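Trainee: Structure provided below as structure tokens; questions to follow.
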Amino acid sequence: MISGADASGSLPVGSGSDAAASVGTTATACRRLGLVVNPVAGIGGAVGLKGSDGVETVRRALALGAVPRARTRAAATLARLAECWPADQRPPVLLTAPGPMGEDSARDAGFEPVVVGRLPESETSADDTRRLVAEVAAAGVDLLLFAGGDGTARDVVASLPAATPALGIPAGVKIQSAVYATSPATAGELVASFLRAHTGRRRTAPREVLDLDEDAYRRGRVAPCLYGELLTPVENRRLQTRKEPSPASEAGAAAEIANEVARALVPGYRYVLGPGSTIRMLATRLGVPKTLVGVDVVEIDDDGTVRVVASDVGARDLSSLVAETPAVLVVTPIGGQGFILGRGNQQIDPGVVRTVLERLGRAALVVAATPAKLASLRGRPLLVDSGDVELDAALAGHVLVVTGQRERTVYPVIAA
Amino acid sequence: MSSTEKAATQSAGLPVGPKPRPRRYHQASWDEPIIFELSVTGARGVLPPPPEPGVTALVGDPAAELPAGIGRAELPALPELSQLHVVRHFDRLSQETLGVDLNIDIGQGTCTMKYSPKVNDQLARDPRVADTHPLQDPCTVQGTLEMMWRLERMLAEISGMDRVCLQPAAGSSAIWTNVAMIRAWHESRGDGDQRDEVITTIFSHPSNAAAAKVAGYRVITLYPDSDGYPDIDALRAAVSERTAALLITNPEDTGIFNPRIEEFVGIVHEAGGLASYDQANANGILGITRARDAGFDLCHFNIHKTFSAPHACGGPGAGAVAVSAALVPFLPRPTIERAESGLYLDHDRPLSIGKVRPWYGVTPNLVRAYAWIMNLGAEGLRQVAETAVLNNNYLLQKVLEIRGVSAPYAVGRRRIEQVRYSWEELAHDTGVHSEDIGVRAADFGTHYWTSHHPYVVPEPMTLEPTESYSREDLDEYAGILAEVAREAYQDPNAVLTAPHRSTIHRTSQESLDDPAQWAITWRAYRRKHLGKS
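In structure tokens, the structure reads:
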């Protein structure tokens, strides 16, 4: 999905295009860049704590001799931005959170920032990140830069107005979210080209914010959840790094999948739509609203009208919905781990899966993923962890993944 | 100027210093317009003289003799230029590009960029080939038909198949021809509607999936197993009463030969499907393995890859399909048949899928391939394959000595005729991606291709050295890669900001994904970008 003036627009796009348009109208000749740094991001990584969420973890990390690195990484981004900025153009106005949450990095890089908001009395926490992101954004920025990891991205998605583009400087332990630049320097280049571009020519694309449950992760369980999307700048001057598919080709692939699944819908069945942007594209194709991170249930009438039966349902409601009428589950792997059941869509509990499989067999589980998403698994199998060992074993083997119009990929599935 | 270049320039104090390695290529820049933009109304390359009075007196106005239907009402929208301007235009463009006759062109992996011997061009330009017309009576082109008839038999021998057709325009056209024959075969047995699925693999040429999809089939793609071989369990899960065929390349684009290929064919046959062998990667197996011996029912060759005809910048190439006896009735028509009176074209083939191309194949390229095979003989063909494999494994050894590169799958094993490498480690260490390295290589007079999409092998680079290149060529090419990798580690910006010696910097690929922007003809460019009809 691309937003912006030159979007290919083969399908109606969601909130993204409105968002970019509104940004385009507010910006003036003077560029305004926001910066919020999570000062303790990544502090747990070097000392083996697998993350830095929570004040206790940060204290332990510091006790173990960890050195914060977010400040220098954010400063590196700003230094690169300054290098890329033409000498004859007014530099961007930098609005930062105070002290270690942005101001220090800005001064390290030689910027004179406008400081927004106040620091807390004691150690900073996720609450401060959320509060200061909102305050910096409210001061009016073309783009919010933030330094941190997946936890920080979660805080940003929770508090940043959806219309404001954002970009992450990788400084955390876990970086699963696609909202981060590949390095601090790349972030600086990307921001420079984004801010320098005429507002109508700035391109953004919604990217997933994922995070693991750190407590579970420390116990060895990988449980990524989808927390939402941020509008992230898309490079359009330099060569697109095609490791990441271009937004246009990825949107095209998702649109193909949406067409393919939509054509196969039949009246008399309920369709349980799992979380994820690929499935949301299907809902867009069907003309119904879809929660990004929730599970929604739709039906199709004899005349082809699609109705939402239930939105953002929990496991209990879902059980009764699929017990009443034969149902088909439509899911997509979440994030880079390849879970199709049991992560990010726990509402689809073992009882629900058993009920639909008993009625319709394996056809009741439709797995959809773009070819690039499957390739990003690097050959690792898809995973199921429904919470029911027998069910997981029964689902293991090969699954026919819908990858496009009249396209399937046979892909292995194992119990996690 | 890099430090290496400075050192080379300052060396020895000789009036002409030794040439630096790697060489410092610089692309020519002519700012050459599109030929349509050079058009001058009324300019002509050739002015044919009017008919001589004697001729006119005898037959009247020759143009009046033309059938009414073949005259154009309006002049075609072609550029109007003199001969000199046409020659200059194309010479300038040729200086701005790279190609097999100019650089070490082994970076175009899977494309089999081998040298096209110039003597074969002379044969293709012979008036007995170049000046014949597709609609001439077959009795006047017996020599051309004889050449094609013999070439068919040679390719049948090379593949082990029973019959060959040279009509397809190139590789994808040949695969589509095979898919059409597969459908006709199933239809003749009454289960054409039921068999609506075609199976292929992710490392087979994407043309297989594309051709099957264009022909209306549902395409099922198999991922490799952990060793990089096509996953036989995935194949077992994929086959059913809906299976029409397996379309598979072997060796795949990783350069890995599937040792269980006969089992693959057996599983598909058991399910009632046919097996079609994409031989685009045949350069390493000529004279060594044969499609029919592995049980395949159909196969195809890219004449412009394996058999040395030029690729000609995307066309015209030439394709050939080969089939087992059971599929002969479905071959495109006409076929070339031999009677006592000579060779003739047989149009009376009721089960044929019809024509897939006007007349009978890309004749000049078929002449080149015929001459190439005749020059080599059976032993020579095998030597081609062995040399291509040797070159590839020599290069593999050299490339793997470079920091940051690997050859995923079948680690420690040799490959057939190409390798899909990965710069993942270098990208992780330096932030320099495979695309960046390929672009920087252009500053040294070469380039490479990454991979089809999606990138199953991360940060890919696909190299296929064929039999044409010398050991010195391979050393030079590996030296360029080593130099760029060294730069990536020591001065990544030098690579990230490349090319430095090309006339156009990097272009956005976004337009290639956007139907509203791409323009592959002048007419499309005018319509989409100039707003003119």
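Here the protein sequences come in this chain order: Y and R.
Residue 40 in numbering that gives the first Met the number 0 is what sits at position 41 of the first sequence, and the numbering runs on without skipping anything.
Residue 230 in numbering that gives the first Met the number 0 is what sits at position 231 of the second sequence, and the numbering runs on without skipping anything.
Ideal placement from N, C-alpha and C gives every residue a C-beta, glycine not left out.
None of these values were measured; they are calculated from a predicted model.
Which residues of the segment 132-153 of chain R have a Cβ closer than 9 Å to any Cβ of chain Y? Give them in chain order.
Mentor: Answer set for the segment 132-153 of chain R: empty.
Trainee: Kindly examine the ligand HEM and report whether one of its heavy atoms sits closer than 8 Å to the Cβ of Pro205 (chain R).
Mentor: Of ligands this structure carries none, so the ligand HEM is not represented either.
Trainee: What residue range is occupied by the uninterrupted alpha helix (DSSP H) comprising Leu375 (chain R)?
Mentor: Counting along the chain, the alpha helix (DSSP H) containing Leu375 (chain R) begins and ends at 362-399.
Trainee: What is the rounded straight-line gap between the Cα of Arg342 (chain Y) and the Cα of Ala261 (chain Y)?
Mentor: Near 24 Å, if we compare the C-alpha coordinates of Ala261 (chain Y) and Arg342 (chain Y).
Trainee: Give the range of the alpha helix (DSSP H) segment to which Ser307 (chain R) is assigned.
Mentor: Where Ser307 (chain R) is concerned, there is no enclosing alpha helix (DSSP H), given that its DSSP letter is neither H nor E.
Trainee: Quick one, which of R:Gly189, R:Val238, R:Ala209 has its alpha-carbon nearest Glu196 (chain R)'s?
Mentor: Closest option to Glu196 (chain R), Cα to Cα, is R:Val238.
Trainee: Should Arg407 (chain Y) be flagged as near chain R, meaning a C-beta pair shorter than 9 Å?
Mentor: So yes, Arg407 (chain Y) belongs to the interface.
Trainee: Go ahead and pull the three-state DSSP assignment for Trp517 (chain R).
Mentor: Three-state DSSP puts Trp517 (chain R) in coil, outside helix and strand.
Trainee: Going straight from the alpha carbon of Ile266 (chain R) to that of Arg235 (chain R), what length do you get?
Mentor: Between Ile266 (chain R) and Arg235 (chain R), the C-alpha separation is close to 7 Å.
Trainee: Could you give the residue range of the beta strand (DSSP E) that holds Arg269 (chain Y)?
Mentor: Start and end: 269-272.
Trainee: Does the segment 161-174 of chain R come close enough to the segment 315-331 of chain R to have 3 or more Cβ pairs within less than 8 Å?
Mentor: As far as the Cβ criterion goes, the segment 161-174 of chain R touches the segment 315-331 of chain R, which means the pair count is three or higher.
Trainee: Please work out which residues of its chain come closer than 8 Å, Cβ to Cβ, to Ser532 (chain R), disregarding the five sequence neighbours upstream and downstream, and give them in chain order.
Mentor: Same-chain partners within the cutoff: Arg525, Arg526.
Trainee: By how many angstroms is the C-alpha of Val366 (chain Y) removed from the C-alpha of Val327 (chain Y)?
Mentor: Those two C-alpha atoms are separated by around 11 Å.
Trainee: What separation, rounded to the nearest whole angstrom, lies between the Cα atoms of Arg237 (chain Y) and Met100 (chain Y)?
Mentor: At Arg237 (chain Y), the pLDDT of 35 sits below 50, so the modelled position is not reliable and the matter cannot be decided from this model.
Trainee: In three-state terms, what does DSSP make of Pro11 (chain Y)?
Mentor: Its pLDDT being 30, under 50, Pro11 (chain Y) is placed unreliably in this model, and the coordinates cannot settle the point.
Trainee: Nearest-angstrom Cα distance between His310 (chain R) and Asp391 (chain Y)?
Mentor: When rounded, the distance between both Cα atoms is 51 Å.
Trainee: Tell me the start and end of each unbroken alpha helix (DSSP H) in the segment 290-351 of chain Y that is at least 4 residues and wholly inside, in chain order.
Mentor: The qualifying runs are 314-323.
Trainee: Kindly indicate which three-state DSSP category His528 (chain R) falls into: helix, strand or coil?
Mentor: Of the three classes helix, strand and coil, the one that applies to His528 (chain R) here is helix, per DSSP.
Trainee: In this structure, does DSSP put Ile174 (chain Y) in helix, strand or coil?
Mentor: Correct three-state label for Ile174 (chain Y): coil.
Trainee: Count the other CB atoms, across all protein chains shown, that sit within 10 Å of the CB of Phe89 (chain R); report buried if there are 16 or more and exposed otherwise.
Mentor: Classification for Phe89 (chain R): exposed.
Trainee: What are the complete alpha helix (DSSP H) segments, minimum 4 residues, inside the segment 24-82 of chain R?
Mentor: Segments of the alpha helix (DSSP H) lying fully in the segment 24-82 of chain R: 52-58.
Trainee: Return the residues of the segment 260-282 of chain Y that lie within a Cβ-Cβ distance of less than 8 Å from chain R, sorted by chain order.
Mentor: So nothing in the stretch comes that close.
Trainee: If the cut-off is 8 Å on Cβ atoms, which residues from the segment 446-467 of chain R count as contacting chain B, listed in chain order?
Mentor: In the structure shown, chain B cannot be found, because the protein chains are Y and R.
Trainee: Between Ser225 (chain R) and chain Y, is the shortest Cβ-Cβ distance under 9 Å, so that the two count as touching?
Mentor: With 9 Å as the cut-off, Ser225 (chain R) counts as an interface residue toward chain Y.
Trainee: Any Cβ of chain R within less than 9 Å of the Cβ of Leu143 (chain Y)?
Mentor: So, not an interface residue.
Trainee: Would Gly41 (chain Y) pass as a contact of Arg68 (chain Y) if the rule is Cβ separation under 9 Å?
Mentor: Yes; because the gap between Cβ atoms is below 9 Å, this pair is in contact.
Trainee: Using CA atoms only, rank isn't needed, just tell me which of R:Ala243, R:Trp148, R:Gln141, R:Pro457 is closest to Ile181 (chain R).
Mentor: Of R:Ala243, R:Trp148, R:Gln141, R:Pro457, the residue nearest in Cα terms is R:Ala243.
Trainee: For Gly437 (chain R) versus His427 (chain R), is the C-beta spacing smaller than 9 Å?
Mentor: Not closer than 9 Å, so no.
Trainee: Under three-state DSSP, which class holds Gly116 (chain Y)?
Mentor: Coil at Gly116 (chain Y), not helix or strand.
Trainee: Assign Met460 (chain R) to one of three DSSP states: helix, strand, or coil.
Mentor: In the structure shown, Met460 (chain R) sits in a strand (DSSP, three-state: E or B).
Trainee: Do we get a CB-CB distance below 9 Å when we pair Ser121 (chain Y) with the residues of chain R?
Mentor: No, because no Cβ of chain R sits closer than 9 Å to the Cβ of Ser121 (chain Y).
Trainee: So which residues of chain Y does Leu221 (chain R) contact, with C-beta pairs closer than 7 Å?
Mentor: Within 7 Å Cβ-Cβ: Val409.
Trainee: Which chain R residues sit within Cβ distance under 8 Å of Thr181 (chain Y)?
Mentor: Under the 8 Å cutoff, chain R gives Gly430.
Trainee: Could you give the distance in angstroms between the alpha-carbon of Ala321 (chain R) and the alpha-carbon of Ala414 (chain Y)?
Mentor: Roughly 44 Å between the two C-alpha positions.
Trainee: With 16 as the cutoff for other CB atoms within 10 Å, does Trp29 (chain R) come out buried or exposed?
Mentor: Flag for Trp29 (chain R) reads exposed.
Trainee: Residues of chain R with CB closer than 9 Å to the CB of Gly396 (chain Y), please, in chain order.
Mentor: Within chain R, the residues near Gly396 (chain Y) are Asp232, Ala236.
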